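J.:
This is the structure:
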């Protein structure tokens, strides 16, 4: 199996291809492409390329660029980074409810001010909206912290460990069913600005909102209003709209928002984290088995 | 059973005493004292007081003030706040390794700078030095995050869930056995400045140190030196020496330290959190059973 790796030759990925049974090749000679980058610079694909393996979990930029075709198998890295993002999301909830952000902002011993604002995470209910691989990785972590989980997924098929699973058609019911909310849904036309002013108003005023999906799932202006008015306790955002969030944006000035620069899953740690899955997918493709995380072009992710 | 409650009449504690079968009484008429405060203002105890229930977990100020006598039973709140402190400690590790603190300090989108510094918590080993109630509450949380635990306790009797348990006489071996360290030992003469320059030098330079015990268990000057020199990755301190940490102290200026104002267990949430234990101890004392968290005056905690 001849595989082209681009745009760069990362050692972790080179080794994974060889360990899976593949051989590196020029694009014109290859039967498969492993693309460790975004849509910019993505090559014209010869017809003999039967499989394209992307290394990102969120590939809507490839859809928007019209690159995902029906001529071959496409796979993404969905689920590969679930442990990292789950760590981030639970960590983000802890930062918020236990007031690490206030303590860091104070740069002084402000016990009288901060102590009364601390809340425990145990005993609370967290809703995971878009409960796929990341959500499933969060659930045992949340259970260990004494937290109940409510899940929303496309089908409503019960998620192991969730006390209730709602289908996405009933997402509107979830905002009054939980104390805190983690947004982990794919970015599609249906989820654009899923969290708007009405949704923010429906959440408890003690709620923390964590977004690890895509910035556009939250209406930024409505969020700024809700945070200013104290309609929710705070927000932890690893993704923003616009992204990168420009200097001078009002979100930077709010003391109840935690913004991280899209590092729940890091670019720097990506090749090492993805290598085991790549090796397995090379093995599967050579053996004629179904690859992991095959893209469903019709669903848009 | 007549019980005096002081220095103030908190509703949660009043109700817990009644629910446990006790009746509030003046100190001179009482057989037991529930003291929801520090050593300042602690009353002279009539001989008929057979039991003193303190609401703090760390009671070394009472020992220093010479208040703990052998004339009656004393109980503290050890273990009651374990869930809160365990949440804080795991949260603190996540803040550090996943660079929430750097993101918050940046107040701007600094992905190129922060992304390469993020490390996963999963796959690491955390040592809990002083693995009592707080440590036992941490272990299932850490396991859910894919973390192995090494424990140090006084006796070396194996702690459930720890891969290795060392007796405190062998604490010196632990600093090279783990990736990160949580200090949760009681403050005694043996643990004063337990973490000194040599210990900090023995830790991996990628280590995060979390102190949820007492400030004096860490040599502050040695810690400042180690953080400045990058001999460890960072420190999360809920307790400091001196405490409160004064404005202008060098620790405030370091970008790899997270200081919180003694809020792992909050003063504001204490009566509500302690009420169930108080009710149970009132019931036990009336029934002639051993109270929870009886103080061992000889051990100093």
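Protein chains in written order, with the numbering used here: chain A, -6 to 294; chain B, -6 to 294. C-beta: ideal position from N, C-alpha, C; glycine also. Quick caveat: nothing in here was measured; it's all calculated off a predicted structure.
1) I'd like to know if the stretch 116 to 129 of chain A and the stretch 234 to 243 of chain A are in contact, where contact means that at least 3 CB-CB pairs between them fall below 8 Å.
2) Only counting the same chain, and skipping five residues up and downstream in sequence, which positions put a Cβ closer than 8 Å to that of residue 283 of chain A?
3) Using 8 Å as the Cβ pair cut-off and three pairs as the minimum, do the stretch 219 to 230 of chain A and the stretch 68 to 80 of chain B touch?
4) Could you tell me whether the stretch 146 to 154 of chain B touches the stretch 199 to 206 of chain B, using the rule of 3 or more Cβ pairs below 8 Å?
5) Specify whether the stretch 99 to 114 of chain A and the stretch 152 to 162 of chain A touch according to this definition: at least 3 beta carbon pairs, one from each stretch, less than 8 Å apart.
6) Please list the partners that residue 154 of chain A has in chain B, where partner means a Cβ-to-Cβ separation under 9 Å.
7) Could you run through the stretch 120 to 140 of chain A and flag, in chain order, every residue whose CB is less than 8 Å away from some CB of chain B?
8) What's the C-alpha gap between residue 44 of chain A and residue 17 of chain A?
9) Give the straight-line distance between the Cα atoms of residue 58 of chain B and residue 179 of chain B, rounded to the nearest whole angstrom.
10) Does residue 129 of chain A pass the burial test, meaning 16 or more other C-beta atoms within 10 Å, or should it be called exposed?
11) Can you list, in chain order, the residues of its chain with a C-beta nearer than 6 Å to that of residue 192 of chain B? Leave out the 5 residues immediately preceding and following it.
12) Under three-state DSSP, which class holds residue 264 of chain B?
13) Of the residues A/259, A/176, A/162 and A/19, which one's Cα is nearest the Cα of residue 124 of chain A?
14) Given a limit of 7 Å on CB to CB distance, which residues of the stretch 231 to 259 of chain A reach chain B?
15) Given this structure, state the Cα-to-Cα distance separating residue 254 of chain B from residue 91 of chain A, to the nearest angstrom.
16) Got a sec, what are the start and stop residues for the beta strand (DSSP E) residue 213 of chain A sits in?
17) On a CA-only basis, which of A/14, A/-5 and A/157 is nearest residue 269 of chain A? Give me that one, please.
18) Helix, strand or coil, according to DSSP, for residue 65 of chain B in the structure here?
19) At a cut-off of 7 Å, is residue 42 of chain B close to the ligand MG when judged by its beta-carbon and the heavy atoms of the ligand?
20) Would you say residue 10 of chain B and residue 27 of chain B are within 8 Å of each other, going by their C-beta atoms?
21) CB residue 250 of chain B to CB residue 220 of chain B, shorter than 8 Å?
22) Report the rounded CA-to-CA distance for residue 208 of chain B versus residue 246 of chain B, giving the unit in angstroms.
23) Please say whether residue 111 of chain B and residue 225 of chain A have beta carbons closer to each other than 8 Å?
24) Roughly how many angstroms lie between the CA atoms of residue 286 of chain A and residue 197 of chain A, to the nearest whole one?
25) Strictly below 8 Å CB to CB, what residues from chain A border residue 76 of chain B?
26) Which residue from B/49, B/54, B/60 and B/69 puts its Cα closest to that of residue 38 of chain B?
27) Could you tell me which residues DSSP puts in a beta bridge with residue 227 of chain A?
28) So if DSSP puts residue 300 of chain A in a beta bridge, which residue, or which two residues, is it bridged to?
29) Does residue 56 of chain B come out as helix, strand or coil in the three-state DSSP assignment?
30) Using a Cβ-Cβ cut-off of less than 9 Å, give me the residues of the stretch 14 to 30 of chain B that come near chain A, in sequence order.
31) By the 10 Å Cβ neighbour count, where 16 or more other Cβ atoms means buried, how is residue 137 of chain A classified, buried or exposed?
32) Verify the CB distance criterion: does residue 93 of chain A have a CB-CB separation below 8 Å to chain B?
33) In whole angstroms, give me the CA-to-CA distance for residue 134 of chain B and residue 244 of chain A.
34) Does the separation of the CB atoms of residue 132 of chain B and residue 142 of chain B fall below 8 Å?
35) Please report how far the alpha carbon of residue 211 of chain A lies from the alpha carbon of residue 86 of chain A, in whole angstroms.
T.: So, from the data block:
1) The stretch 116 to 129 of chain A is not in contact with the stretch 234 to 243 of chain A.
2) For this step, residue 283 of chain A is matched to residue 290 along the first chain. Here the set comprises 277.
3) When C-beta atoms of the stretch 219 to 230 of chain A are compared with those of the stretch 68 to 80 of chain B, fewer than three pairs fall below 8 Å, so the two segments do not count as touching.
4) Taking 8 Å as the limit for Cβ pairs, the verdict is that the stretch 199 to 206 of chain B does not touch the stretch 146 to 154 of chain B.
5) Counting C-beta pairs with one atom in each stretch, the stretch 99 to 114 of chain A and the stretch 152 to 162 of chain A have fewer than three that are closer than 8 Å, which means they do not touch.
6) Mapped onto the first chain, residue 154 of chain A falls at position 161. Correct list: empty, because the minimum Cβ distance to chain B is about 11 Å.
7) Within the stretch 120 to 140 of chain A, those residues whose Cβ lies closer than 8 Å to any Cβ of chain B are, in chain order, 133, 134, 136, 137, 138 and 139.
8) For the purposes of this step, residue 44 of chain A is taken as residue 51 along the first chain, with counting starting at 1. For the purposes of this step, residue 17 of chain A is taken as residue 24 along the first chain, with counting starting at 1. Spanning the two alpha carbons is a distance of roughly 14 Å.
9) On the second chain, residue 58 of chain B is found 65 positions in, with the first residue counted as 1. On the second chain, residue 179 of chain B is found 186 positions in, with the first residue counted as 1. Approximately 17 Å, taken between the alpha carbons.
10) Within the first chain, the letter at position 136 stands for residue 129 of chain A. Buried, since its Cβ has 16 or more Cβ neighbours within 10 Å.
11) As a position in the second chain, residue 192 of chain B is number 199, starting the count at 1. Within the same chain, Cβ atoms closer than 6 Å to the Cβ of residue 192 of chain B are found at 168, the five residues on either side in sequence being excluded.
12) Reading the second chain from its first residue, position 271 is the one you call residue 264 of chain B. DSSP places residue 264 of chain B in helix when its eight states are reduced to three.
13) Sequence index remark: in the first chain, residue 124 of chain A carries index 131 (1-based). With distances taken between Cα atoms, residue 124 of chain A lies closest to A/176.
14) From the stretch 231 to 259 of chain A, only 237, 238, 240, 245, 251, 252, 253, 254, 255, 256 and 259 have a Cβ closer than 7 Å to chain B.
15) Against the second chain, residue 254 of chain B aligns to sequence position 261. Against the first chain, residue 91 of chain A aligns to sequence position 98. Pairing residue 254 of chain B with residue 91 of chain A, the inter-Cα distance amounts to about 11 Å.
16) As a position in the first chain, residue 213 of chain A is number 220, starting the count at 1. Annotation for residue 213 of chain A: no beta strand (DSSP E) segment contains it, though the alpha helix (DSSP H) segment containing it runs 213 to 222.
17) In the first chain, the residue the question calls residue 269 of chain A occupies position 276. Ranking A/14, A/-5 and A/157 by Cα distance to residue 269 of chain A puts A/14 first.
18) As a working note, residue 65 of chain B is residue 72 in the second chain. Residue 65 of chain B carries a coil assignment under DSSP once its states are collapsed to helix, strand and coil.
19) This structure lacks the ligand MG, and indeed carries no ligand of any kind.
20) Mapped onto the second chain, residue 10 of chain B falls at position 17. Mapped onto the second chain, residue 27 of chain B falls at position 34. With contacts defined as CB atoms closer than 8 Å, residue 10 of chain B and residue 27 of chain B qualify as a contacting pair.
21) Counting from one through the second chain, the residue named residue 250 of chain B turns up at place 257. Counting from one through the second chain, the residue named residue 220 of chain B turns up at place 227. Cβ atoms of residue 250 of chain B and residue 220 of chain B: closer than 8 Å.
22) Residue mapping note: residue 208 of chain B aligns to position 215 of the second chain, counting from 1. Residue mapping note: residue 246 of chain B aligns to position 253 of the second chain, counting from 1. In a straight line, the C-alpha of residue 208 of chain B is about 18 Å away from that of residue 246 of chain B.
23) Locating residue 225 of chain A in the first chain gives position 232, counting from the first residue. Locating residue 111 of chain B in the second chain gives position 118, counting from the first residue. Taking the C-beta atoms as reference points, residue 111 of chain B is found no nearer than 8 Å to residue 225 of chain A.
24) Taking the first chain and counting its residues from 1, one reaches residue 286 of chain A at position 293. Taking the first chain and counting its residues from 1, one reaches residue 197 of chain A at position 204. Each residue's alpha carbon lies about 36 Å from the other.
25) The count along the second chain starts at 1 and reaches residue 76 of chain B at position 83. Listed along the chain, the chain A residues whose CB falls inside 8 Å of the CB of residue 76 of chain B are 113, 115 and 139.
26) Taking the first residue of the second chain as position 1, residue 38 of chain B is located at position 45. The residue with the shortest Cα to Cα distance from residue 38 of chain B is B/60.
27) Residue 227 of chain A sits at position 234 when you count from the first residue of the first chain. DSSP lists A/201 as partners of residue 227 of chain A.
28) The displayed coordinates of chain A run from -6 to 294. Any statement about residue 300 of chain A would go beyond what the structure contains.
29) Here residue 56 of chain B is taken as the residue at index 63 of the second chain, counted from 1. Residue 56 of chain B: helix per DSSP, three-state reduction.
30) Residues: none.
31) In the first chain, residue 137 of chain A corresponds to position 144, counting from 1. Residue 137 of chain A comes out buried.
32) One-based indexing of the first chain puts residue 93 of chain A at position 100. At least one CB of chain B lies nearer than 8 Å to the CB of residue 93 of chain A.
33) The sequence position of residue 134 of chain B within the second chain is 141, counting from 1. The sequence position of residue 244 of chain A within the first chain is 251, counting from 1. One Cα belongs to residue 134 of chain B, the other to residue 244 of chain A, and the distance between them is close to 32 Å.
34) The sequence position of residue 132 of chain B within the second chain is 139, counting from 1. The sequence position of residue 142 of chain B within the second chain is 149, counting from 1. Contact: yes.
35) Along the first chain, read from residue 1 onward, the residue named residue 211 of chain A stands at position 218. Along the first chain, read from residue 1 onward, the residue named residue 86 of chain A stands at position 93. One alpha carbon belongs to residue 211 of chain A, the other to residue 86 of chain A, and they sit about 17 Å apart.
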